[in-house]
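In our numbering, the protein residues as written are 35 to 456.
Reviewing the structure listed below.
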Ligand SMILES: NC(=O)c1ccc[n+]([C@@H]2O[C@H](COP(=O)([O-])OP(=O)(O)OC[C@H]3O[C@@H](n4cnc5c(N)ncnc54)[C@H](O)[C@@H]3O)[C@@H](O)[C@H]2O)c1
């Protein structure tokens, strides 16, 4: 990468630009509408607390440009880190208002418009625009890409958000858990990946723009779930006179199921002889201890709601294709015959409640092997290995919430639905 540009040298942009310059030895060409930023660069001092920023500014080469146009003219790769703010009432300093809202994208749209308007004669080689600012899923395609639609041959666009805790920006930027890049252009993603490989060892996750957008905000809100959960355990211990640190300390060691990639794939609801009933019992406990919130109740009901939604999807295909329904799997987990707390049974409950006829088969539970000759709506309710090998009759609709059938799409002349996995 020859010349690197940075538009928006705020609390995220300036520390990252300085770190990039120091680690790559490159000069960074930056621009910010706030001209105070030039003083920060000249004086090697910022008015906010940021670990090691002064040392990095002393060793970095950053040229403060006069305009966005100047940055684009000089640079091949341009990072954008302008703010995508919220109104103050959404900052979390006061209770959540009734009305919630998206971020404000006016700064990002403004900068994108200025870049897209730059005269073609200044663009000798295709430029790589890298958006770092946080956006909600769907934003880049609906609000930003259209701005570049008439000059798309001059620009590749990547969405490349960082996972950074304010105050420790440089350390987090240089030592990420993974580098996240979303783009429509595989070659642009590879170029950006190789730029980071120069000074970072983390694995790169390259994906669609939408997936990267969701990964960024899913990461942050997942942390919110963990904190609410830990605080709730604290409330319980407060009520029954216990020590929450003993509990969270033990849970922190559960790095096979809890703190691991396990259970982090979309499919059917949770199940088994313990989980659903624990959620329901804990919901009761939260109510009887008068805890501040009751996420256990929400959890138990979310399990119902997600399963009900799956039953509605089955009914929709059943009606639109006029085919019988066959539910594959009765047990609550793969390759066993245990049906207690099974989400498949809950699904059947919702079909029954609507008076829908269906059959439900399970080789382990029924102790017999099934094969199919008549086309139908097949729904994979249990992730049994044998289901992956079934040859489905042509003209069937196969709904697979686990996503196993994705790679086998071409093998079937049937409609294969893998929800959430376009
Ligand atoms: N600060 C963080 O630790 C952090 C971490 C992760 C993500 N983010 C995201 O990064 C983005 C930036 O955050 P921030 O904290 O650095 O915000 P910030 O307000 O500190 O910085 C944004 C900078 O962009 C500048 N700017 C606005 N319009 C401009 C324009 N037309 N041309 C040039 N510069 C312009 C502003 O003057 C400001 O200096 C946000 O979307 C934020 O959500 C920030």
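Ideal placement from N, C-alpha and C gives every residue a C-beta, glycine not left out.
Small disclaimer: the values here were computed from a predicted structure and weren't measured.
- Task: Return the chain-ordered list of same chain residues with a C-beta closer than 6 Å to the C-beta of residue 535, the five sequence neighbours on each side being excluded.
- Result: Examination of residue 535 is not possible in this model, given that the chain is present from 35 through 456 alone.
- Message: Once DSSP output is grouped into helix, strand and coil, what is the label at residue 424?
- Response: Here residue 424 sits in coil by DSSP.
- Message: In the DSSP output, what is residue 95 paired with across the bridge?
- Response: DSSP, once it has assigned bridges, lists 61 as partnering residue 95.
- Message: Using CA atoms only, rank isn't needed, just tell me which of 178, 214, 362 and 366 is closest to residue 310.
- Response: Taking only the C-alpha atoms, the option nearest residue 310 is 366.
- Message: Taking a contact to mean a Cβ-Cβ separation below 7 Å, would you say residue 426 touches residue 361 in this structure?
- Response: No; because the gap between Cβ atoms is not below 7 Å, this pair is not in contact.
- Message: Please determine whether the Cβ atom of residue 200 lies at a distance below 6 Å from any heavy atom of ligand 1.
- Response: Yes - ligand 1 has a heavy atom lying nearer than 6 Å to the Cβ of residue 200.
- Item | Beta-ladder partner(s) of residue 192, from DSSP | DSSP output for residue 192 lists 164 and 217 as bridge partner(s).
- Item | Distance CB(residue 85)-CB(residue 56) smaller than 7 Å | No, the Cβ-Cβ distance between residue 85 and residue 56 is not below 7 Å.
- Does ligand 1 have even one heavy atom less than 6 Å from the beta-carbon of residue 248? Relative to the non-hydrogen atoms of ligand 1, the Cβ of residue 248 never comes closer than 6 Å to any of them.
- Message: Taking the alpha carbon of residue 371 as the reference point, which residue from 416, 330 and 392 has its own alpha carbon closest?
- Response: It is 416.
- Across which residues does DSSP place residue 50 in a beta bridge pair? DSSP output for residue 50 lists no bridge partner at all.
- Specify, as a first and last residue, the run of the alpha helix (DSSP H) that residue 102 falls within. Under the DSSP assignment, residue 102 falls in the alpha helix (DSSP H) whose first and last residues are 102 to 108.
- Message: Buried or exposed, going by whether 16 or more other CB atoms sit within 10 Å of the CB of residue 113?
- Response: So residue 113 ends up on the buried side.
- Message: Counting beta carbon pairs with one atom in the segment 287 to 302 and one in the segment 320 to 329, are three or more of them shorter than 8 Å?
- Response: The segment 320 to 329 vs the segment 287 to 302: no contact.
- Query: Could you give the C-beta distance for residue 111 and residue 162, rounded to a whole number, given that I count them as a contact under 8 Å?
  - Reply: Right, the Cβ-Cβ distance comes to about 5 Å (below 8 Å), so this counts as a contact.
- Message: Pairs of beta-carbons, one from the segment 167 to 176 and one from the segment 232 to 250, closer than 8 Å: are there three or more?
- Response: Touching, yes.
- Query: Just the Cα atoms here: how many angstroms apart are residue 295 and residue 154?
  - Reply: Distance between the alpha carbons of residue 295 and residue 154: 47 Å.
- Count the other CB atoms within 10 Å of the CB of residue 344; is the residue buried (16 or more) or exposed (fewer)? When all chains shown are included, residue 344 counts as buried.
- Alpha-carbon to alpha-carbon, residue 65 and residue 457: Lying before the first or after the last residue shown, residue 457 is absent from the chain, which here runs from 35 to 456.
- Message: Considering only DSSP beta bridges, list what residue 240 is partnered with.
- Response: Looking at the DSSP assignment, residue 240 forms a beta bridge with 215.
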